[in-house]
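Residue numbers (mature numbering (1 follows the signal peptide of the UniProt record, and there is no 0)): -22 to -1, 1 to 204.
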């Protein structure tokens, strides 16, 4: 009996330790992408089979990251993306997490990559459905495009400073993103992706503990039309 009573606390300790070990990250990067900048490059783009997406920021991903700048990836090869598990979210995914890669496709390849590389590393918090649902909710919560346009930063091919973009988003959303730029065919720096940070539970925005190592912006940043 004594041995039996001792085994339960031990099992609880092992269970907690196993859960802690499973969470091999400290926060998430939540990354939004401007479709006009994805398309306005030498590589160009292809619209998804469902048609041209709306002129709004789409989701690139929700990526577990560590405070030291490293990140886990491809954490469960057995957890392949299953579209049937997100069947109720597909219309929202097409609208808010569209694919612009060529050749045109229905988005399944993109979503599969994001879930299998990144989402499986947050299995202690999300199953497949929960992962995509959380990203959709986070995007809606921010309202980035409205924050920019309210401050006069419009996707009309005009040029803005990095400070104008950051200040507009911080004023409108409460959080300042890391801004990543790419280059158009003429070599102009253009607003490409925005990195926000989310707590390890995947439900609240936080100030970023570490900034990503990605392409920086020039002094004049184009906000291209889409």
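Note that CB positions come from ideal geometry on N, CA and C, so glycine has one too.
In or out: residue i buried (at least 16 other Cβ within 10 Å) or exposed?
{"i": "residue 202", "result": "buried"}
{"i": "residue 184", "result": "exposed"}
{"i": "residue 224", "result": "In the structure displayed, the chain extends from -22 to 204; residue 224 sits before or after that span and is not available."}
{"i": "residue 155", "result": "buried"}
{"i": "residue 146", "result": "buried"}
For residue i, which of the options has the nearest alpha-carbon?
{"i": "residue 138", "options": "168, 119, 23", "result": "168"}
{"i": "residue 177", "options": "43, 204, 23, 37", "result": "43"}
{"i": "residue 163", "options": "8, 25, 14", "result": "14"}
{"i": "residue 197", "options": "68, 140, 17", "result": "140"}
{"i": "residue 171", "options": "193, 25, 98", "result": "193"}
{"i": "residue 87", "options": "38, 127, 125", "result": "38"}
{"i": "residue 97", "options": "204, 5, 195, 191", "result": "5"}
{"i": "residue 7", "options": "166, 100, 82, 57", "result": "100"}
{"i": "residue 119", "options": "146, 159, 152, 131", "result": "152"}
Excluding the 5 residues preceding and the 5 following residue i in the sequence, name in chain order all residues of the same chain whose CB lies nearer than 8 Å to its CB.
{"i": "residue 95", "result": "51, 52"}
{"i": "residue 191", "result": "47"}
{"i": "residue 45", "result": "4, 5, 187, 188"}
In its own chain, which residues sit with a C-beta less than 6 Å from the C-beta of residue i, not counting the 5 before and 5 after it?
{"i": "residue 47", "result": "188"}
For residue i, which residues does DSSP report across the bridge?
{"i": "residue 143", "result": "Paired residue(s): none; residue 143 is not in a bridge."}
{"i": "residue 11", "result": "36, 171"}
{"i": "residue 176", "result": "6, 183"}
{"i": "residue 137", "result": "200"}
For residue i, which residues from the same chain have a beta carbon less than 7 Å from its beta carbon, with the 5 sequence-adjacent residues on both sides left out?
{"i": "residue 93", "result": "59, 106, 109"}
{"i": "residue 70", "result": "114"}
{"i": "residue 21", "result": "none"}
May I have a chain-ordered list of the beta strand (DSSP E) segments no shorter than 3 residues that lie completely inside the region 29 to 100?
Whole beta strand (DSSP E) segments, 3+ residues: 36 to 43.
Beta strand (DSSP E) segments (min. 3 residues) lying fully within the region 146 to 173:
You should have 156 to 161.
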